[in-house]
Amino acid sequence: MSSKLRPSPLPSTPLSTTIITTAAAASSFNVQHSVANLQRRSTCHIPAHIYNHPSAILLELCTCIKEVHQFIPLIVKNALYNEHLFQTKLVSLFCKFGSLREASRVFDPIPDKVDALYHTMLKAYARNSSLDNAFSFFSRMNIDGVPPIIYNFTYLLKACGDNSDLPKGKQIHAQLIVNGYASNVFAMNCIVNLYAKSRMIHEAYKMFDKMPERDLVCWNTIIAGYSQNGLAKRALHLFIRMQEEGRSPDPVTIVSVLPACADIGSLRIGKSIHGYVVKAGFQSLVNVLTALVDVYSKCGCVGAARLIFDSMQFRTVVSWNSMIDGYTHNGDSKQALQLFQEMLNEGVEPTNVTLMQALHACADLGDLVEGEFIHKLLYKLQLTSDVSVMNSLISMYCKCKRIDIAAEIFENLQGKTLVSWNAMVLGYAQNGRVTEALNLFCKMHLQDIRPDSFTMVSVIPALAELSVLRQAKWIHGLVIRTSFDKNVFVMTALVDMYAKCGAVSTARKLFDMMDERHVTTWNAMIDGYGTHGLGRAAVELFSEMRQGAIKPNDITFLCVISACSHSGLVEEGCKYFTIMKEDYGLEPSMDHYGAMVDLLGRAGQLNEAWDFIQNMPIEPAINVFGAMLGACKIHKNVDLGEKAAHKLFELDPEGGGYHVLLANIYARASMWDKVAKVRSAMEKNGLQKTPGCSLVDLRNEVHSFYSGSTHHPQSEKIYVFLETLMDEIKAAGYVPDSNSIHDVEEDVQEQLLNSHSEKLAIAFGLLNTSPGTTIHIRKNLRVCGDCHNATKYISLVTGREIIVRDMHRFHHFKSGTCSCGDYW
DNA sequence: ATAGGGTTAG
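Numbering (full-length UniProt numbering), first residue to last: 1 to 824.
This is the structure we're talking about:
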């Protein structure tokens, strides 16, 4: 015997006791079964005293690799090591417990190997090594003169299926035919499985269809294939057909078809399968119950899922994962994390899937602390090389606004997948880092990574944010070239983007062209009309929506109420607020209350707005008082403005903007001492007004202008031009609004006004584009009153159309008027 | 010694 075969050191307890205890733990049925198994094999050339040897029976009962090691000395002592049966059994056991290395240590030194030994070794390779290794061992068998048998092919085919390696699988398929196994049910089933696992489900079905006879496993294979390839309806259809053809589903069928049912979220079908499970007596099988937990939670019945989960006597980690996922899917991430904690407390070791779900829940809650805890756990469980988990980690950090950490993880991530890129692009886009999002998107292109619909849906909103029509058209072109123009999600994003880039009519054209629309599609279009001050169009589209099949949701009402608000349609807005609850059973959220205060306040019904706030059933938040203060600024109401502002100072001590608004209200009323007080309060608290910034797109560049800034290369030219432009519009009737600035000389006042970012941007636009071109400006704050007035005159004297998108809405300036009707 | 199908996921 080779010294390499020396078994691991013996444990302190005598060998036989350990093994016997294990054997005793097994039921007597198992022992009998093993004996029967061994006797059945007596047709081969192994003498009875070998296969009836107690060691052979005991060896078969080993439950882990350690027990196998303990056994080897016993085999050696009984001079059984050279018996084929024991050699093969050892290889088989090492293979069963996943140690290819130890299987080889037995296999390699054996001088005269029987065929069975090769077969078992091939199985070890197919199950525990790379496909290449398995294939080269198969070649070696050929060289060593071992004729292939049917099992060899099925092992290899299964491995090809598991690796989705269709080309290698096809090689085996050819050899199968050559060796005369073309109609073997097992082999054919492996082929069906191979195609299904290689995402060629239609090919798989063709094979399935051609089979002369089909057993239960064939049905299960094709049903699982459809289910795993996202063709849930086909899977369910075949589930019915198999029963019509007289096959009774077994637990594997159930576990294959339930995910399909979960996929389409059909509670009705889920319940009927549950009924079948009970009738067939599968109701205590862990995997069946786990699949039921999944179905119920995916159909929105977390309560029912939890009842099943709680009733389970045994749970696998998958059961926990399904339940945790059930909570996150149903928007109860708190419960999800609680269950995750419970799982850890019970000592169940989480898997990659568990951690992905827990990270998802953290992202959902913005819970950075728990997220970082899981990040550490991930190191402990050595899951940092699992790309899927790392993707979830990136998403979690992005959602928790730690884009810096996310970017670092992304940079260092080995084997990035499309999902990794998508997570990062989305992360940038959702954190307002538009340029980074676009740069990463371009980098993907350079690295030849083809975007999918998720990438598009992440990057399009970034462009909407940028609001540059040229870029909007570019991505639209890309959408068409990459054939995403039939994807509802992508198209909805485009509708929203065009509206946000000032091109509402283009948005509507796309909207009309779509064959399928989601609620979000309608919402995007209604909101688009709203922000462009086209309240009537918004209301009309909303009525049209109410006639159709797509039900409005809470966001729809938010869009339509704010559309009414932008257009002064107070009565309509109030009506919608009422029917939201009465006709649609939707509870208004804080945003709806804010929109209502905005609706009333903007229209000058300040007392009504204030009463509305007092009568709110929930504690009003920042947005509500913010709307109130804004309305007070428009309608010059010092009294209510003060009340709203003081509430805001309490609720949001960091927000400098409210101080500025209040100061403006005081300035309008010439209450200069109060203005000074607010200013000094701001200074004391270190609060600053967000600097105004306007963007213009010119040819291939986006130019940004800050108020009073002289950093732009054309700065000098711009200021000179502005001076003459101001003279021109003054001649047309423009009067500078000096009311907001009081403590400087009149000419300085004008200078300050004239250096506002939007005026600089407009001047730059006029200077650098040919007559007649529409100018698009994007501003980070709201347009100031003086700029608004000046822009109207500029549109008149230059004959240009100027579209300004501010924080809240669009202003289309044309021939001396604005689409907002001075109502913003 | 020896075959094929199955639950959770971004």
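Built from N, CA and C at the ideal position, the CB exists for glycine as well.
Residue from the options with nearest C-alpha to residue i
i: Leu231; options: Phe309, Leu258, Arg105; result: Leu258
i: Thr221; options: Leu236, Asn229, Asn189, Gly246; result: Asn189
i: Asp165; options: Ile191, Cys501, Glu244; result: Ile191
i: Met596; options: Tyr584, Lys233, Leu90, Asp611; result: Asp611
i: Val369; options: Leu393, Leu383, Gln382; result: Leu393
i: Asp162; options: Gly145, Arg199, Ala538; result: Arg199
i: Ile223; options: Lys334, Asp598, Ser256, Ala538; result: Ser256
i: Gln335; options: Val353, Thr520, Lys113, Gly303; result: Gly303
i: Ser819; options: Gly548, Gly604, Leu534, Leu558; result: Leu534
i: Leu85; options: Ser139, Val317, Glu60, Lys77; result: Glu60
i: Phe97; options: Asp112, Ala79, Lys123, Leu74; result: Lys123
i: Thr253; options: Leu267, Ile264, Leu292; result: Leu292
i: Leu752; options: Ser707, Asn768, Glu516, Leu307; result: Ser707
i: Val468; options: Phe373, Thr328, Gly502, Phe107; result: Gly502
i: Glu443; options: Gly432, Val459, Val348; result: What sits at residue 443 in the sequence shown is Lys, not Glu. Ranking the options by Cα distance to Lys443, first place goes to Val459.
i: Phe309; options: Asp209, Phe137, Leu289; result: Leu289
i: Tyr576; options: Tyr276, Ser770, Phe557; result: Phe557
i: Arg127; options: Gly145, Ala103, Glu540; result: Ala103
i: Val178; options: Leu194, Pro148, Ala407; result: Pro148
i: Asp639; options: Ala663, Pro617, Ile150; result: Ala663
i: Gly799; options: Thr817, His788, Cys787; result: Thr817
i: Ser333; options: His360, Thr773, Asp209; result: His360
i: Pro251; options: Gly733, Asn287, Arg214; result: Asn287
i: Asn193; options: Ala472, Lys158, Cys299; result: Lys158
i: residue 907; options: Glu346, Leu355, Gly347, Asn345; result: No statement about residue 907 is possible, as the shown extent of the chain runs from 1 to 824 and does not include it.
i: Asp75; options: Pro54, Cys64, Ile65; result: Here residue 75 turns out to be Ile, not Asp, going by the sequence shown. Checking every option, the nearest Cα to that of Ile75 belongs to Pro54.
DSSP bridge partner residues for residue i (one or two, in chain order)
i: Leu698; result: Glu701
i: Thr817; result: Lys814
i: Lys89; result: Per DSSP, none; premise fails for Lys89.
i: Arg306; result: Arg306 is not bridged to any residue.
i: Ile803; result: His776, His812
i: Cys693; result: Tyr706
Short Cβ contact (8 Å threshold) for residue i with residue j
i: Ile775; j: Val702; result: no
i: Thr531; j: His476; result: no
i: Gln357; j: Asp386; result: no
i: Met343; j: Gly371; result: no
i: Lys399; j: Ala429; result: no
i: Val504; j: Leu494; result: no
i: Gln228; j: Ala196; result: yes
i: Leu661; j: Ala631; result: no
i: Leu629; j: Leu648; result: yes
i: Ser562; j: Asp515; result: no
i: His788; j: His811; result: yes
i: Leu100; j: Val68; result: no
i: Tyr226; j: Ala260; result: yes
i: Met491; j: Leu510; result: yes
i: Phe135; j: Lys168; result: yes
Any non-hydrogen atom of the ligand GTP closer than 7 Å to residue i Cβ
i: Thr724; result: Absence of the ligand GTP from the depicted structure is noted, as is the absence of any ligand whatsoever, leaving it without description.
Please give me, in chain order, every unbroken run of the alpha helix (DSSP H) with length at least 4 that falls completely inside the UniProt repeat "PPR" (316-350). Segments of the alpha helix (DSSP H) lying fully in the UniProt repeat "PPR" (316-350): 317-329, 333-345.
Contact between the segment 684-701 and the segment 777-794 is defined here as three or more beta-carbon pairs at a separation below 8 Å; is this criterion met? Judged by pairs of C-beta atoms under 8 Å, the segment 684-701 touches the segment 777-794, as three or more such pairs exist.
Does the segment 710-720 come into contact with the segment 790-806, if we say contact requires no fewer than three beta-carbon pairs (one atom in each stretch) closer than 8 Å? The segment 710-720, when compared against the segment 790-806, does not touch it at the 8 Å Cβ threshold.
Would the segment 453-470 count as touching the segment 478-491 if we require 3 or more Cβ pairs under 8 Å? Taking a cut-off of 8 Å for Cβ pairs, the segment 453-470 and the segment 478-491 touch, as three or more such pairs fall below it.
Quick check for students: name the residue ranges of the alpha helix (DSSP H) that lie wholly in the segment 561-644, counting only runs of 4 or more. Segments of the alpha helix (DSSP H) lying fully in the segment 561-644: 570-582, 590-602, 606-614, 622-634.
Report the start-end ranges of each alpha helix (DSSP H) in the UniProt repeat "PPR" (518-552) that is 4 residues or longer and not cut off at the edges. Listed in chain order, the complete alpha helix (DSSP H) runs (minimum 4 residues) inside the UniProt repeat "PPR" (518-552) are 519-531, 535-547.
Taking 8 Å as the threshold, find out whether the segment 796-807 comes into contact with the segment 756-768 through three or more Cβ pairs. Flag = yes, the segment 796-807 and the segment 756-768 touch.
Any chance the segment 168-180 sits against the segment 200-215, with 3 or more Cβ pairs inside 8 Å? No, the segment 168-180 does not touch the segment 200-215.
Give the list of continuous alpha helix (DSSP H) stretches no shorter than 4 residues that lie fully inside the segment 253-302. Correct list: 267-280, 286-298.
Alpha helix (DSSP H) runs wholly inside the segment 412-445, at least 4 long, in chain order: Runs found: 418-430.
Do the segment 806-815 and the segment 548-558 meet, that is, are 3 or more Cβ pairs less than 8 Å apart? When C-beta atoms of the segment 806-815 are compared with those of the segment 548-558, fewer than three pairs fall below 8 Å, so the two segments do not count as touching.
Could you tell me which whole alpha helix (DSSP H) segments of length 4 or greater appear in the segment 61-106? Counting only runs of 4 or more, we get 65-77, 84-96.
Mind pulling the beta strand (DSSP E) runs of 3 or more residues that sit fully within the segment 660-693? If we require 3 residues or more, the segment 660-693 turns out to have no beta strand (DSSP E) run fully inside it.
Threshold first: 4 residues or longer. Then list the alpha helix (DSSP H) segments lying entirely within the segment 117-179, N to C. Uninterrupted alpha helix (DSSP H) stretches at least 4 residues long and entirely within the segment 117-179 occur at 131-143, 150-162, 166-178, given in chain order.
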